[in-house]
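Just so you know, the sequence shown maps onto residues 427 to 1058 in the numbering used here.
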Amino acid sequence: MPWGEFKDTAAERRLFQRRATVMLVFVFLLLAGLVARMYQLQVVEHDIYTTLSDRNRVQVQSVPPPRGLVYDRNQVLLAENRPVFSVTLVPERVGDIDATLQQLVTILDVSDEDLERFQRRLREPRRPFQEIPLRYDLTEDEIARLAVLRHELPGVEVEAELVRYYPHSELTAHALGFVGRINREELQRIDSVNYAGTNYIGKSGVERFYEELLHGKVGYQHVETNARGRTLRVLDRENPVPGEDLQLHLDLRLQNRAHELLDGRRGAIVAIEPATGGILALASVPGFDANKFVTGISVPDYRELSDSKDKPLFNRALRGQYPPGSTLKPMLAIAALDSGAVTRDHTIWDPGFFQINSAGRRWRDWKRGGHGWVDLTYAMAQSCDVYFYEAAVEMGVDTMVSYLSHFGFGEDATLDVSGALSGLLPSPDWKRATRNEPWYPGDTVNLGIGQGFMLSTPLQLATATALIANRGEWVEPRLLKDIQGDRTPDEFLPSETHEPLKLKDPDNWEYIADAMAEVMHGVKGTARGAGRGAPYRMAGKTGTAQVFSLAEDEEYDAEEVRERLRDHALFVGFAPLKNPQIAVAVIVENGGGGSSTAAPVARELFDAWLLEFSAVADGPSISKADPTSEAP
């Protein structure tokens, strides 16, 4: 600047003021924008961001309902829930699954099978943020070790849950069934909302049939969590609705006695209360421990059960299909009388065999020398095969099939017994459809003594026997006796569909019942030894079912083969003769004769129910000292 010129202070001040004003306006605009944004966030969008914040801090968790309990008819607990501590992982909260699993293996006793099961469940479809269990039934030491290292294991929790427990497992496994973990197929068909948080579902038996009742309704709770997702406190809760408690007709005392009487022999016993259709005992021996299946049975344990030649997993009472043998004769006698094929006075000559024609095949009687002159009562008491051969030919196959179907053969006639098979009631149409063969007269002869193609389950035999005990009145077998709440069994039991079996002469029911009583108390009755000394009259029929050969792929040593080729021993009956209170069917596989093996088992059951148990559970019954009770 030349020395003669001075600084223009006023101009500089004006420039500074303009710049300062611009900056102040700029700062003001920034502040105004910040305040506006803060107002929008804090006031206008307050609810939105509060909700987003709560989602990080507050979570909704499902609360599974306690499963309903199951009692027997005397309020003895058959199925309960017990607390079990397990270690679970939520994959969405675990950073490195493999590293976490490796660390857990060093802390807990985790087997290769546990890891394999976990990986399988990890791959299966599941609900988001659902816990996947790794190990069940943790010990106190294991829980303590996990608690110390909890901060190092995000997504890993020790969960307490109620798990099904069967205090009388082997006795009730085949009757009650069991629960198990929900699998992929079940996950597709269940209500995912109501089963949120539930890991178990009924797999068989009562547990499966009454799943809707036993499960209950899920509840929910809002919980506050920290940054690691661990629960800090419960903010709100909607309690679940527990499953309904069920009371069954089953009597644990009789069930236990049935197992004791079979004494480890392969077989089945079904006992029914004729008046109600209630199943008092449903025993299949050998049994298994149902508790092993609840949280997942180990591979060695399952292999031991599935590979056993005695088939403990097989429910013989419901799914065992056997030729009924002579136990079918009371039902065939009803058919013969009502159809007019025979009369009460009709007699035949039994030389020890039967021929359709003089040059034809001979069907042998069990008594080689024959029984001589035989009427229906004697034929029943002595189980004369020749009498029933002739009666079968007189009736014809169509008549026999028609009457036997009214007794419940060839169908599952139960109301709520899950898994029962229908057996096989053969007919000409069936044989033509399945074997492409005609029905031969010899097939009719074989059906006349419950052999040939005919197959039935112990439950079907007990059901048919109960129909005779009820003199033709149908009461379908059922397990459910009562629901311990506001709901009634009628809401859940299927409708009864069977009409009474009305005979042209209703007195024939009494006639056949008396003929069955001759089996137990007659001087020539095949089971007179089992009926001897009873303070009441009982009706029964013994039977044997032939076992012709082993399956081609089965191998046994000589002694084993001989034992397993013996006849099955069968018995059906009811007691007392008047106003029956129990009807039973007994089968002892390869037990030999029904009179020597199965009938004594039934007598012990009759005594237990009529003389020992019922007087305590249901009021006075027949007393050993009661002179007015029925005497043989």
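Quick reminder that beta carbons are idealized off the backbone N, C-alpha and C, glycines included. Keep in mind the model is a prediction, meaning the values are calculated, not measured.
query, result
"Leucine 676 classed as buried or exposed, judged by whether at least 16 other C-beta atoms fall within 10 angstroms", "buried"
"Bounding residues of the beta strand (DSSP E) (the contiguous stretch that carries tryptophan 775)", "774-776"
"Same chain, Cβ closer than 6 Å to valine 520, five either side skipped, listed in chain order", "Thr526, Gly581"
"Cα-Cα separation between alanine 941 and leucine 929, rounded to whole angstroms", "17 Å"
"Asparagine 717 - DSSP class collapsed to helix/strand/coil", "helix"
"Which of helix, strand or coil DSSP assigns to arginine 561", "strand"
"N- and C-terminal bounds of the alpha helix (DSSP H) containing valine 619", "Per DSSP, valine 619 belongs to no alpha helix (DSSP H) and is neither H nor E."
"Where the alpha helix (DSSP H) through valine 725 begins and ends", "725-733"
"Where tyrosine 621 falls, given that 16 or more other Cβ within 10 Å makes a residue buried", "buried"
"Length at least 3, wholly inside the stretch 501-536: the beta strand (DSSP E) runs in chain order", "503-515"
"Beta-carbon contacts of arginine 440 that lie in its chain and below 7 Å, excluding the five residues immediately before and after", "none"
"Buried/exposed call for aspartate 838, threshold 16 Cβ in 10 Å", "buried"
"Beta carbon of leucine 688 nearer than 8 Å to that of alanine 709", "yes"
"Run of the beta strand (DSSP E) containing threonine 968, from where it starts to where it stops", "965-971"
"Cβ-based burial, tyrosine 982 [other Cβ within 10 Å; buried from 16]", "With a pLDDT of 33 at tyrosine 982, under the threshold of 50, the modelled position of this residue cannot be trusted; read the value that follows with caution. Its Cβ having fewer than 16 others within 10 Å, tyrosine 982 is exposed."
"Boundaries (first-last residue) of the alpha helix (DSSP H) holding histidine 947", "933-947"
"Beta-bridge pairing of leucine 613 - partner residues as DSSP gives them", "None; leucine 613 has no bridge partner."
"Buried or exposed (CB count within 10 angstroms, at least 16 for buried), glutamate 578", "exposed"
"Coarse secondary structure for glutamate 585, derived from DSSP in three states", "strand"
"Proline 492 versus asparagine 507: straight-line alpha-carbon distance, rounded", "8 Å"
"Local Cβ density within 10 Å of tyrosine 465, reported as buried at 16 or more and exposed below that", "exposed"
"Own chain partners of proline 666 with C-beta closer than 7 Å, once the 5 adjacent residues on each side are dropped", "Val489, Pro490, Pro491, Gly642, Lys643, Val644, Gly645"
"Extent of the continuous alpha helix (DSSP H) to which leucine 674 belongs", "First-last for leucine 674: 672-674, but that is the beta strand (DSSP E), not the alpha helix (DSSP H)."
"Endpoints, beta strand (DSSP E) assigned at isoleucine 1008", "1008-1014"
"Stretch-stretch touch, CB-based, cutoff 8 Å, three pairs: the stretch 569-576 with the stretch 593-608", "no"
"For serine 882, three-class secondary structure by DSSP", "strand"
"Close-in-space but distant-in-sequence residues of the same chain around arginine 607 (CB under 7 Å, 5 per side omitted)", "Asn625, Tyr626, Gly722"
"Segment limits, alpha helix (DSSP H) that includes isoleucine 569", "566-574"
"In DSSP terms, what phenylalanine 779 is bridged to", "Arg790"
"For serine 809 and glycine 955, the rounded distance between their alpha carbons", "15 Å"
"Contacting residues, own chain, Cβ-Cβ under 7 Å from valine 605 (five flanking each side not counted)", "Arg590, Tyr626, Ile627, Gly628, Lys629, Glu633, Val720"
"Three-state class that DSSP yields for histidine 994 in the structure shown", "strand"
"Opening and closing residue of the alpha helix (DSSP H) in which alanine 697 lies", "Not the alpha helix (DSSP H): alanine 697 falls in the beta strand (DSSP E), residues 693-699."
"Backbone secondary structure at aspartate 908 - three-state DSSP", "strand"
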